[in-house]
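In mature numbering (1 follows the signal peptide of the UniProt record, and there is no 0), the protein residues as written are -28 to -1, 1 to 364. Ideal Cβ placement from N, Cα and C applies to all residues, glycine included. In what follows, a single structure is set out as structure tokens and then discussed.
Right under this line is the structure:
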């Protein structure tokens, strides 16, 4: 049985994260030399450090135990209590890398693991002592059909992403379940810093509103296309599975007494195309808006770490909508915000043609001029998002 990493890249972040800066093959003025982002390099170093530590049999046994069951482990704590200098050395490397990434992303208050170690395995071979290979996650390289993994002796092997790996494959990558909620908070905070009123509507917010605060709730949603690539391979960007999970988020945008307002909403449970979900999420708190209509922009986050923190998205969106949202009455905001998040050079501070390789959030759908009367079945302007909304 092929073991899958379950429940990994929750929701959305309209923020930061990881992308190769190499343009796709065939683009104009193609760059011959591969550019590795700082985050990619840290992942590579962690994978190599773990391989080196796992040359010791007791470390390999502890690694197999840590990855048993859920098939994912916190690299900072996998070897706690293990009497091994190699294990301790890797633990310190992982702690330093974790702190560096959080500082890099502007998420220094985050306490959960920023990196994860996980395994693709068949029939528990790792637990039976089969020697694994080690690799860094591929990040956002959608065109990749192979990856390079090292065995315990450092010999490199090519792994076909269209087939299950021939031995247990241990990979180091970002822990998106932990990163995305914190990144969304950072996105909302950066909007506020730019003069836009904003809240991050937490994923567990299903509470009935106060009578004076009517709320539009998203009761049901089905996406024909979640814009998440890679579903035809066993390998997905941050986890190993037979399907690739999307990272969907919504921006609820409007005016509030002469100021723009953007609430950031995570749809962390909406994972796959063609499946109906019942998130029962509060998405518009009408008391916070003076406009009688707002726009809802639905996006899928294809992470882009490059050289910036998640706050960059807030700055870009704020700059796009502030001139519009100060009006007393409704003005469409979806197009301005969507176009802002498509500015590759602005998001990653890299010149053309390197910017061609930056993977920005995908436009999934939008709902224009949503009002308190927008209830029942609602289909987005692209006919991609089929939803049911209610006023509570």
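(request) Please say whether residue 266 and residue 256 have beta carbons closer to each other than 7 Å? (result) yes
(request) Would you mind working out which of 308, 94, 55, 137 sits nearest residue 268, comparing C-alpha positions? (result) 308
(message) If you follow the alpha helix (DSSP H) that residue 156 is in, where does it begin and where does it stop?
(response) 148 to 165
(request) Could you check the C-alpha separation between residue 289 and residue 356 for me, to the nearest Å? (result) 23 Å
(request) Indicate the three-state DSSP secondary structure (helix, strand or coil) for residue 253 in the structure shown. (result) strand
(message) At the level of alpha carbons, what is the spacing between residue 17 and residue 76?
(response) 16 Å
(request) Please determine if the segment 114 to 130 and the segment 86 to 100 are in contact, where contact requires at least 3 C-beta pairs separated by less than 8 Å. (result) no
(request) Please confirm if the segment 153 to 166 is in contact with the segment 68 to 85, defined as three or more CB-CB distances below 8 Å between the two stretches. (result) yes
(request) Apply the 10 Å Cβ neighbour rule to residue 65 and answer buried if 16 or more other Cβ atoms are within range, or exposed otherwise. (result) buried
(request) Kindly identify the DSSP beta-bridge partner or partners of residue 122. (result) 106, 128
(request) Measure how close the beta-carbons of residue 341 and residue 227 come, nearest whole angstrom, since I'm counting them as under 8 Å. (result) Wrong, their Cβ atoms sit about 13 Å apart, outside the cutoff.
(request) Rank 286, 259, 46, 55 by C-alpha distance to the C-alpha of residue 149 and give the top, closest one. (result) 46
(message) Could you check whether residue 107 and residue 50 sit closer than 7 Å to each other, using their CB atoms as the reference points?
(response) no
(message) I need the DSSP call for residue 337, collapsed to helix, strand or coil.
(response) strand
(message) Comparing C-alpha positions only, which one of 199, 301, 295 sits nearest to residue 270?
(response) 199
(request) Evaluate residue 74 with the Cβ neighbour count: other Cβ atoms within 10 Å of its Cβ, from every protein chain shown; 16 or more gives buried, anything less gives exposed. (result) buried
(request) On the DSSP bridge assignment, give the partners of residue 90 in chain order. (result) 44, 143
(message) Considering Cα atoms alone, identify which of 317, 103, 363 is closest to residue 33.
(response) 103
(message) Tell me the DSSP secondary structure of residue -4 in three-state form.
(response) Confidence is the limiting factor: at residue -4 the pLDDT is only 33, short of 50, which leaves the residue's position unreliable and the question unanswerable from this model.
(message) Measuring straight from C-alpha to C-alpha, what distance separates residue 147 and residue 70?
(response) 10 Å
(request) May I have the straight-line CA-CA distance separating residue 58 from residue 295, to the nearest angstrom? (result) 57 Å
(message) Can you check which of these residues, 139, 10, 171, is closest to residue 100 by C-alpha distance?
(response) 139
(request) Look up residue 317 in the DSSP assignment and say whether it is helix, strand or coil. (result) helix
(message) At a threshold of 6 Å, does residue 22 count as lining the ligand MN (C-beta to nearest heavy atom)?
(response) Absence of the ligand MN is noted for the structure shown, with no ligands found whatsoever.
(request) Return the CA-CA distance between residue -20 and residue 192, expressed in angstroms with no decimal places. (result) The pLDDT assigned to residue -20 is 29, lower than 50, so where the model puts this residue is not dependable, and the model offers no usable value.
(request) Compute the beta-carbon to beta-carbon distance between residue 361 and residue 188, rounded to the nearest angstrom, for a pair I have assumed lies under 8 Å. (result) 6 Å
(request) Compare the Cα-Cα distances from residue 231 to each of 262, 95, 237, 253 and report the closest residue. (result) 262
(request) Look at the alpha carbon of residue 63 and the alpha carbon of residue 39, and state the distance between them as a whole number of angstroms. (result) 15 Å
(message) Spatial neighbours of residue 310 within its chain, please: C-beta separation below 8 Å, excluding the five flanking residues on both sides.
(response) 269, 271, 335, 338
(request) For residue 224, write down the residues that DSSP places opposite it in a beta bridge. (result) 235, 268
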